[in-house]
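If you want the working numbering, it's the 1-based position in the sequence shown plus 52.
Scroll down for the structure; my scribbles are underneath it.
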Amino acid sequence: MSPYKAELVGGGQQVTFVDKPAPEVLSLLKRWGFRWQAGVRAWFKRGSKGFADMCAGLEKLLGAEKLFPCRMCGLPNGHVHSYAARTLILCTACYRKWCQQQACG
Ligand SMILES: [Zn+2]
Numbered sequence: 053m054s055p056y057k058a059e060l061v062g063g064g065q066q067v068t069f070v071d072k073p074a075p076e077v078l079s080l081l082k083r084w085g086f087r088w089q090a091g092v093r094a095w096f097k098r099g100s101k102g103f104a105d106m107c108a109g110l111e112k113l114l115g116a117e118k119l120f121p122c123r124m125c126g127l128p129n130g131h132v133h134s135y136a137a138r139t140l141i142l143c144t145a146c147y148r149k150w151c152q153q154q155a156c157g
């Protein structure tokens, strides 16, 4: 089951998430040229180019999220986070804690 919906809509492609996605998902969407549309609470990009790649990339990223136990608390919902040159596998709560310790917000 995917925690998001990706579809081709009038003039472009749209991605909707059930929960707020992990920061790395958002940065990927931005890198792909998607913009947040507050009115429809979805990410949108004009045109259909790259739609299949985008779906595959999201599937990979979101699927991979579930595979890793958090290295701090051990819960099986750790995400892969990139911070500077480091890769961290932490759940969202632990990542926030870690970020506060590093003063990255
Ligand atoms: Zn954790």
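Glycine included, C-beta positions come from ideal geometry on N, C-alpha and C.
Here the structure is a predicted model, which means the values were calculated and not measured.
#1: Would you list the residues whose beta-carbon is nearer than 6 Å to any heavy atom of ligand 1, in the order they occur in the chain?
#2: Between which two residues does the beta strand (DSSP E) carrying residue 88 extend?
#3: Check the C-beta distance from residue 98 over to residue 63 and give it rounded, since I have them as a contact under 8 Å.
#4: What does the alpha-carbon distance come out to for the pair residue 105 and residue 152?
Per the coordinate set shown:
#1: 122, 124, 125, 127, 142, 143, 145, 146
#2: 87–89
#3: 6 Å
#4: 34 Å
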